[in-house]
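A.B. asks:
Number of protein chains: 2
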Amino acid sequence: MADLLVVGTLALDNVKTPFGAVDDALGGSATYFAYAASFFAPVRLVAVVGRDFPQAHLDLLAGRGVDLSGVQVAEGRTFRWTGEYGYDLNEAKTLDTQLGVLADFRPVFPESFCQSPFVFLANVDPGIQLDLLQRLERPRLVALDTMNYWITGHREALQRVLARVDALLVNDAEARMLTEEPNLVKAVRTILGYGPRVVVVKRGEYGVLMAVRDRFFFTPAYPLESVFDPTGAGDTFAGGFMGVLAGADRVDDATLRRAAVYGSVMASFTVEDFSLSRLTRLTQSEVEARFRAFQEMMRLEP
Amino acid sequence: MADLLVVGTLALDNVKTPFGAVDDALGGSATYFAYAASFFAPVRLVAVVGRDFPQAHLDLLAGRGVDLSGVQVAEGRTFRWTGEYGYDLNEAKTLDTQLGVLADFRPVFPESFCQSPFVFLANVDPGIQLDLLQRLERPRLVALDTMNYWITGHREALQRVLARVDALLVNDAEARMLTEEPNLVKAVRTILGYGPRVVVVKRGEYGVLMAVRDRFFFTPAYPLESVFDPTGAGDTFAGGFMGVLAGADRVDDATLRRAAVYGSVMASFTVEDFSLSRLTRLTQSEVEARFRAFQEMMRLEP
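Note that the protein sequences, when read in sequence, are chains U and E. Using our numbering, the first residue of the first sequence is number 1, and each one after it goes up by one. Using our numbering, the first residue of the second sequence is number 1001, and each one after it goes up by one.
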């Protein structure tokens, strides 16, 4: 097993779906990522929170063995996201974003973190992503997430980051926006030309498309009778995906495919409840059972 | 190999996409279905055309070995559909429908057609579908297609047909409309309760979801760099799907899964050009090569 480093956000979310609402719930890209990845590999977390961030949330991650020595507690308020979903759960409507301490985030972490073979740069400022990249010592695989805000407003910095990472994880709208290409297959091929050799496109209820150089792989989403809250699904996918790679300490095609399915497995649990509620009740044997269910749904010989 | 009967439409289409336009092009559900199915099994076609239907179109199907003795040539004009697609090729906008001879369509066909082990009731009036069902002698598998027009306007007749067929093939919007259930998994389970033991949901660029009783199977769509015209993709899928079942003369789970992939293979060719242009240039070895490409994209061990 190899160490897995994530830099991203710890947040407090207000989320409303057709099925209910929560206020001040634990959220953030690094939270979902680290919790999901902790099922497969040792995780190191780099993020910032304000003084208002409940200690219980940090204890929850520490309880999963996540190394929190890269989490700064700064003066000010924790990053807050307020969002809403309609019956089309594929698309979140952001109602409010309060950056708080995230506005001045400069990662501070132990020197040992620079020797992390697997690294996930969650959706933060490409400038921060680039700084961090420069401090890493010969990682085996670095993966990147981003979003529309950075694509439209910070394209140049983002392109510099893209040229230096091994994998990009985005949703289909982001892939199209990044490449200005409506056809998703062309968009993926264009992104491969930017630098990454692995492109993972998350398509919500339609599953995931992964390209490893010129080879495509598809995994469906788990057929759920009720999707409660999709918040964090993408970051949970990334956590499962990177966790499996780090856990195996391998980046070959077969491990990448297994990782994409485990990512889908983990995401399928997250959406069953608000915040990390379902993940915190999750057992390793439930994870393995759902992985077998995916295998069963995907194979030609039933 | 077992005989495969299809009742549906032969049509002349006017289609406009962002990439071009055709007028009076060969179209219709039974056309795409029969041509695609002819790669796998002997096909019997039941439909009606007007005096204006070019003989060359019938010759094309006859050249594929399709038995046309159930095709009536009636006084009047052939069914015509005029439609348009925007850049979102998942949704057709119907601009005009001229029923012509289809308005008074009463299937007439040789008595021998009643002994067809495999039957596809393409998207026509549920009354016609029901009449035809009553004339069949112990078929092994009957599959049904339908559309929003019949779901909203002829629900009672449609439910009677559904209670008597083995398989339903619909797109995701139709599955939701038929069951008034936004969650697709619940919609599929509801349809299974109506009668069919097989439900195939076509999701355009996102591929196909098949439920065989309580077992789900997913196949992706082929990752095409350019989708030229999606007209006929669903009927082509159905042709490949039913063709493989009839060709194997089997309806077990493994054959159903193989059939769903071959259906996707055939549909992926249809959308590469207008009308049946790509299908008429298609070779068996291209079909097999793309089937292998699907296997490659779907399997966990690359």
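Don't be surprised by glycine CBs; every beta carbon is placed ideally from N, CA and C. No experiment lies behind these values; they were computed from the predicted model shown.
Quick one, are the C-beta atoms of Y1222(E) and F1241(E) less than 8 Å apart?
C.D. replies: no
A.B. asks: Distance cutoff 8 Å, beta carbons only. Does V1261(E) sit that close to anything in chain U?
C.D. replies: With 8 Å as the cut-off, V1261(E) counts as an interface residue toward chain U.
A.B. asks: State the start and end residues of the unbroken beta strand (DSSP E) segment that holds E84(U).
C.D. replies: 80-85
A.B. asks: Under 8 Å between beta-carbons, which chain U residues line up against L1245(E)? List them in chain order, please.
C.D. replies: Going along chain U, no residue has its Cβ under 8 Å from L1245(E), so there is no contact; the nearest lies around 15 Å.
A.B. asks: May I ask you to report which of helix, strand or coil DSSP gives D232(U)?
C.D. replies: At residue 232(U) the sequence reads Gly, which differs from the Asp that was named. Coil at G232(U), not helix or strand.
A.B. asks: Does N1123(E) come within less than 8 Å of chain U when only Cβ atoms are used?
C.D. replies: Judged by the 8 Å Cβ criterion, N1123(E) is not in contact with chain U.
A.B. asks: Counting only beta-carbon separations shorter than 8 Å, does E1225(E) have a partner in chain U?
C.D. replies: For E1225(E), the closest Cβ of chain U is nearer than 8 Å.
A.B. asks: Could you tell me whether the Cβ of D186(U) comes closer than 8 Å to any Cβ of chain E?
C.D. replies: The sequence as given places Lys at residue 186(U); Asp does not occur at that position. Yes, contact with chain E.
A.B. asks: Tell me the DSSP secondary structure of T219(U) in three-state form.
C.D. replies: strand
A.B. asks: Compute the distance between the beta-carbons of V124(U) and D166(U), then report whether it is under 8 Å.
C.D. replies: With respect to D166(U), V124(U) sits apart: the two C-beta atoms are not nearer than 8 Å.
A.B. asks: Less than 8 Å between the beta carbons of S1285(E) and L1026(E), yes or no?
C.D. replies: Cβ atoms of S1285(E) and L1026(E): not closer than 8 Å.
A.B. asks: Just the chain E side, please: which residues come within less than 7 Å of M297(U) by C-beta, in chain order?
C.D. replies: F1216, F1217, F1218
A.B. asks: What residue does the alpha helix (DSSP H) around F40(U) start on, and which one ends it?
C.D. replies: Where F40(U) is concerned, there is no enclosing alpha helix (DSSP H), given that its DSSP letter is neither H nor E.
A.B. asks: For R1290(E), which residues in chain B fall below 9 Å Cβ to Cβ?
C.D. replies: Annotation note: the requested chain B is absent from the structure, which comprises protein chains U and E.
A.B. asks: P182(U) CB to nearest chain E CB: under 8 Å?
C.D. replies: yes
A.B. asks: How long is the line joining the alpha carbons of M1001(E) and R1250(E), rounded to whole angstroms?
C.D. replies: Across the structure, M1001(E) and R1250(E) are spaced so that their CA atoms are roughly 9 Å apart.
A.B. asks: What residues are listed by DSSP as bridge partners for D1093(E)?
C.D. replies: According to the sequence shown, residue 1093(E) is Lys rather than Asp. Residue pairing by DSSP puts K1093(E) in a beta bridge opposite E1084(E).
A.B. asks: Is the Cβ of D1253(E) closer than 8 Å to any Cβ of chain U?
C.D. replies: yes
A.B. asks: In terms of residues, what are the limits of the beta strand (DSSP E) holding Q1115(E)?
C.D. replies: It is not in any beta strand (DSSP E) - Q1115(E) carries neither H nor E in the DSSP assignment.
A.B. asks: So the candidates are F216(U), Q129(U), W150(U), Y35(U); which of them puts its Cα closest to the Cα of V185(U)?
C.D. replies: F216(U)
A.B. asks: To the nearest angstrom, report how far apart L224(U) and Q1055(E) are at their CA atoms.
C.D. replies: 49 Å
A.B. asks: For S1277(E), which of F1053(E), V1048(E), D1229(E), P1182(E) has the nearest alpha-carbon?
C.D. replies: D1229(E)
A.B. asks: Quick one: list the residues of chain E neighbouring P302(U), beta-carbon separation under 9 Å, in chain order.
C.D. replies: V1212, R1215, F1217, D1252, D1253, A1254, L1256, R1257
A.B. asks: Would you mind stating whether E1144(E) and L1121(E) have Cβ atoms separated by less than 8 Å?
C.D. replies: The residue asked about is misnamed: residue 1144(E) is Leu in this sequence, not Glu. Result yes, Cβ atoms of L1144(E) and L1121(E) sit closer than 8 Å.
A.B. asks: Residues in the same chain with beta-carbon distance under 6 Å from M147(U), minus the five sequence neighbours each way, listed in chain order, please.
C.D. replies: Only N123 meet the Cβ criterion.
A.B. asks: For T1236(E) and T94(U), I'd like the C-alpha separation in whole angstroms.
C.D. replies: 41 Å
A.B. asks: When you compare only the Cα positions, how much space is there between H23(U) and N14(U)?
C.D. replies: The sequence shown places Asp at residue 23(U), not His. About 4 Å.
A.B. asks: Is S29(U) near R64(U), with beta carbons less than 8 Å apart?
C.D. replies: no
A.B. asks: Just tell me which of V142(U), T179(U), I128(U), R140(U) has its CA closest to the CA of T152(U).
C.D. replies: When only C-alpha atoms are compared, the closest one is T179(U).
A.B. asks: Pick from M298(U), G100(U), R292(U): whose alpha carbon is nearest that of F1294(E)?
C.D. replies: Closest option to F1294(E), judged by alpha-carbon separation, among M298(U), G100(U), R292(U): M298(U).
A.B. asks: Residues of chain E with CB closer than 9 Å to the CB of R203(U), please, in chain order.
C.D. replies: Y1206
A.B. asks: For Y1085(E) and chain U, any beta-carbon pair shorter than 8 Å?
C.D. replies: no
A.B. asks: Taking only the alpha-carbon atoms, compute the straight-line gap between I128(U) and L45(U) and give it to the nearest angstrom.
C.D. replies: 15 Å
A.B. asks: By Cβ distance, which residues of its chain are closer than 6 Å to H1057(E), with the 5 residues on each side in sequence left out?
C.D. replies: L1026
A.B. asks: Starting from D13(U), follow its DSSP beta bridges and name the residues at the other end.
C.D. replies: A25(U), W81(U)
A.B. asks: Look up L121(U) in the DSSP assignment and say whether it is helix, strand or coil.
C.D. replies: strand
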